[in-house]
DNA sequence: CCCGGGCACTAGAGCGGTTTAGTACACGCA
DNA sequence: TGCGTGTACTAAACCGCTCTAGTGCCCGGG
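Chains as they are written, first to last, in the numbering used here: chain A, 181 to 533; chain B, 181 to 533.
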């Protein structure tokens with residue numbers, strides 16, 4: 181005999197299938213004595229529900245989907261996703277919900293997967309990341325009628341609930357910090373310009389430029405890759421009037437930028453301050469360690485998971501949720517412009533050529 | 181009306197459910213004309229199979245499981261997993277098989293998930309990573325009778341097929357390279373000693389020590405984390421007779437080690453050569469870029485996926501598969517001991533204080 | 001002319017659960 | 001005594017698909 185079914189349990193316990201179902205799901209319809217007997221038998225036979233059978237009865241599939249549309253190599257290194265994933269798992273596993281993960285090349289493929297998984301009843305809901313400025317996925321998901329939670333915002337996510345952090349506030353905190361140190365030429369190596377949070381960061385920098393008396397406040401869009409981060413840094417540092425501080429939208433780019441600065445003999449933080457918009461081990465292990473915006477990505481994942489589970493249980497009841505604005509963790513990569521950093525004398529000597 | 185079922189299609193096309201099923205699955209029993217008519221109707225109604233209904237009829241669930249038992253923070257940064265994941269996806273998506281991913285704290289939890297998912301018919305097979313020296317998971321999976329492919333080996337994976345690379349050969353190639361450069365004191369910052377590949381690497385280093393005339397060839401076990409990597413490096417470099425080369429079992433540790441060397445004023449590669457056992461963007465973006473063993477992790481993932489799909493289709497037919505031994509990519513972090521590297525004069529100046 | 005065999009298709013049983021309708025019995029109450 | 005009500009349970013429908021057994025028909029051979 182293969183795996184036991186409720187029919188087997190029913191026979192063994194001398195009751196009907198229905199009674200077993202009631203007992204196992206803790207719903208009324210059986211006496212306490214019978215329930216315990218059934219549970220005992222089920223335990224003995226080592227019974228587990230067949231997820232497909234459950235799902236067939238119109239019930240949940242017990243899984244949620246996360247589809248990421250980024251070229252594989254980019255993800256490879258983003259600690260952000262891994263952290264987020266762990267948090268999601270933590271939030272989901274509390275309710276024994278599994279996560280179906282898929283990495284696709286582009287948004288078209290992503291949407292196709294949404295359609296497929298939804299119509300195959302493979303998942304009960306979706307987590308949407310990398311919210312775009314004009315995001316077609318939102319409409320598709322709304323039309324599919326599948327519960328979904330958007331990571332990003334605020335705004336532009338239609339009727340779907342979102343979990344978001346204030347990127348604007350975060351960028352302002354960085355710029356204020358740099359301005360307070362005396363920086364007047366600040367560059368921003370932004371991420372993909374199609375991303376909503378990229379736009380918010382760019383705008384925040386531009387808006388603060390005048391009020392803080394910045395001479396220069398440019399945002400350079402990239403694809404988040406280390407190579408574009410390095411190339412853009414090289415271009416910025418080759419200018420006659422180069423920026424005294426660069427804000428990177430990801431830690432990978434920041435590290436790549438640090439590498440370029442080192443290679444070009446520009447001392448950090450002596451002549452160039454570097455801030456990363458994302459914190460991770462990466463920012464800590466390089467030398468000098470990078471000043472970075474820290475947020476609890478793991479907790480963020482948990483939040484998103486909770487929101488999604490709620491959205492699945494009671495659609496329409498979930499409201500947007502703002503997470504704490506990331507705080508700046510000051511390390512060794514920032515200092516007053518033109519001044520050697522805390523360990524300046526040593527690092528100054530890099531600047532040979 | 182909700183989503184269409186084959187009954188709807190049958191009604192619309194004026195045939196029976198059975199005929200529709202035959203037509204949609206491309207099996208004999210319907211004429212070519214009828215088949216086309218049915219397919220057309222299905223297309224029009226935008227029909228998709230209900231995965232649960234399919235799975236219920238004893239068929240496949242259309243998903244495979246990957247459970248990773250490592251503390252969340254460690255994964256966060258391993259580009260290896262992300263690359264592997266992408267490769268797996270690529271291999272699986274060709275057959276429209278989904279990947280269920282779960283990160284758990286320890287092996288006990290991992291085994292529990294295997295049991296649960298198998299008995300719930302949630303997945304058709306498993307991918308096992310981080311093969312241990314004495315690995316209880318193997319026996320559990322064999323007993324469960326679920327198809328599974330082990331990433332690692334050779335040996336110690338029971339009757340489960342494995343995909344493996346020759347870690348021994350790889351380590352030997354590193355040591356030979358370093359010995360040829362003139363290194364006689366080589367340290368190895370190993371990973372978790374419970375991992376099978378860690379043991380193979382340790383043994384390979386030890387075995388080659390005599391034949392190559394090494395004075396020192398120690399392996400220091402760690403937990404793969406940046407902090408242990410940094411701490412161990414600090415200890416090694418603080419010794420009176422410090423090693424002239426360190427081999428790191430992961431790129432994260434290698435980068436952390438490079439940071440420590442920089443901080444301690446030990447020029448790389450002038451007085452310390454660094455080799456990473458894993459290549460990734462990480463190894464390239466730091467400065468100096470790290471000499472590392474490169475392998476195509478993406479392709480590895482694809483291979484594993486293919487093997488697993490075969491194992492699911494025809495259990496018992498799958499044999500072990502050896503993947504190409506990773507090749508050493510020489511970058512800037514290695515050189516002759518005591519000699520400045522290619523850009524040595526500049527870097528030499530780091531070594532102040 | 002009848003029969004066997006192959007083809008195209010139908011009917012319906014199952015897969016393993018959930019859920020609803022129905023039944024048997026005990027009990028309280030007029 | 002009869003009736004309504006509540007409880008504990010059973011029987012069976014149902015979810016959407018697959019697959020087997022069976023049916024009707026046509027064709028060729030004896």
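Note that beta-carbon positions come from the ideal geometry of N, C-alpha and C, so glycine has one too.
Against chain A, does residue i count as a neighbour if the rule is that its beta carbon must be under 9 Å from one of theirs?
i: residue 297 of chain B; result: yes
i: residue 189 of chain B; result: no
i: residue 200 of chain B; result: no
i: residue 306 of chain B; result: no
i: residue 313 of chain B; result: no
i: residue 514 of chain B; result: no
i: residue 192 of chain B; result: no
i: residue 436 of chain B; result: yes
i: residue 485 of chain B; result: no
i: residue 375 of chain B; result: no
i: residue 453 of chain B; result: no
i: residue 411 of chain B; result: no
i: residue 249 of chain B; result: no
i: residue 262 of chain B; result: yes
On the premise that residue j lies in contact with residue i, defined as a C-beta separation below 8 Å, what is that separation, rounded to the nearest angstrom?
i: residue 427 of chain A; j: residue 354 of chain A; result: 6 Å
i: residue 184 of chain B; j: residue 227 of chain B; result: 5 Å
i: residue 303 of chain A; j: residue 243 of chain A; result: 5 Å
i: residue 491 of chain A; j: residue 341 of chain A; result: 6 Å
For a cutoff of 9 Å on Cβ pairs, would you count residue i as touching chain B?
i: residue 403 of chain A; result: no
i: residue 492 of chain A; result: no
i: residue 287 of chain A; result: no
i: residue 229 of chain A; result: yes
i: residue 476 of chain A; result: no
i: residue 406 of chain A; result: yes
i: residue 280 of chain A; result: yes
i: residue 457 of chain A; result: no
i: residue 521 of chain A; result: Low confidence applies here, because residue 521 of chain A scores a pLDDT of 48, under 50, leaving its location unreliable; read the following figure in that light. Not closer than 9 Å to any Cβ of chain B, the Cβ of residue 521 of chain A fails to qualify, so no.
i: residue 274 of chain A; result: no
i: residue 399 of chain A; result: no
i: residue 265 of chain A; result: yes
i: residue 203 of chain A; result: no
i: residue 196 of chain A; result: no
Is it true that the CB of residue j sits closer than 9 Å to the CB of residue i?
i: residue 458 of chain A; j: residue 504 of chain A; result: no
i: residue 421 of chain A; j: residue 365 of chain A; result: yes
i: residue 514 of chain A; j: residue 453 of chain A; result: yes
i: residue 368 of chain B; j: residue 397 of chain B; result: yes
i: residue 309 of chain B; j: residue 352 of chain B; result: no
i: residue 404 of chain A; j: residue 263 of chain A; result: no
i: residue 469 of chain B; j: residue 439 of chain A; result: yes
i: residue 267 of chain B; j: residue 483 of chain B; result: yes
i: residue 300 of chain B; j: residue 249 of chain B; result: no
i: residue 485 of chain B; j: residue 270 of chain B; result: yes
i: residue 317 of chain B; j: residue 294 of chain B; result: yes
i: residue 394 of chain A; j: residue 418 of chain A; result: no
Which residues of chain B have a Cβ atom closer than 7 Å to the Cβ of residue i, listed in chain order?
i: residue 442 of chain A; result: 467
i: residue 388 of chain A; result: Correct list: empty, because the minimum Cβ distance to chain B is about 29 Å.
i: residue 183 of chain A; result: 299
i: residue 221 of chain A; result: The contacting residues do not exist; residue 221 of chain A stays about 16 Å from chain B at best.
i: residue 439 of chain A; result: 465, 466, 467
i: residue 479 of chain A; result: Chain B residues near residue 479 of chain A: none, gap ~12 Å exceeds 7 Å.
i: residue 350 of chain A; result: Ordered by position in chain B, no residue passes the 7 Å Cβ test against residue 350 of chain A, which lies about 20 Å from the chain.
Cβ closer than 9 Å: which chain B residues qualify as neighbours of residue i?
i: residue 300 of chain A; result: 228, 229, 230, 231, 232, 234, 242
i: residue 430 of chain A; result: Here the premise fails: no neighbours, minimum Cβ distance about 11 Å.
i: residue 328 of chain A; result: Simply none; closest approach about 18 Å.
In chain A, which residues lie less than 9 Å from residue i when you measure between Cβ atoms?
i: residue 535 of chain B; result: Any question about residue 535 of chain B goes unanswered here, given that chain B covers just 181 to 533.
Using a Cβ cut-off of 8 Å, pull out every chain A residue sitting near residue i, in sequence order please.
i: residue 217 of chain B; result: Those do not exist, as residue 217 of chain B stays about 22 Å from chain A at its closest Cβ, beyond 8 Å.
i: residue 418 of chain B; result: Within 8 Å Cβ-Cβ: nothing; residue 418 of chain B doesn't reach chain A, min ~17 Å.
What residues of chain B sit near residue i, judged by a beta carbon separation below 8 Å?
i: residue 211 of chain A; result: Those do not exist, as residue 211 of chain A stays about 28 Å from chain B at its closest Cβ, beyond 8 Å.
Runs of alpha helix (DSSP H) lying entirely within the segment 457-508 of chain A, each at least 4 residues, in chain order | Unbroken alpha helix (DSSP H) stretches of 4 residues or longer found wholly inside the segment 457-508 of chain A: 461-465, 477-493, given in chain order.
Taking only runs that begin and end inside the segment 345-374 of chain A, name each unbroken alpha helix (DSSP H) of 4 or more residues, in chain order.
-> Runs found: 347-361.
List in chain order: all unbroken beta strand (DSSP E) runs of 3+ residues lying wholly within the segment 238-282 of chain A.
-> For the segment 238-282 of chain A, whole beta strand (DSSP E) runs of length 3 or above, ordered along the chain, are 243-249.
Of all the alpha helix (DSSP H) runs that stay within the bounds of the segment 369-447 of chain A, which reach a length of 4 or more residues?
-> For the segment 369-447 of chain A, whole alpha helix (DSSP H) runs of length 4 or above, ordered along the chain, are 376-391, 406-418, 431-444.
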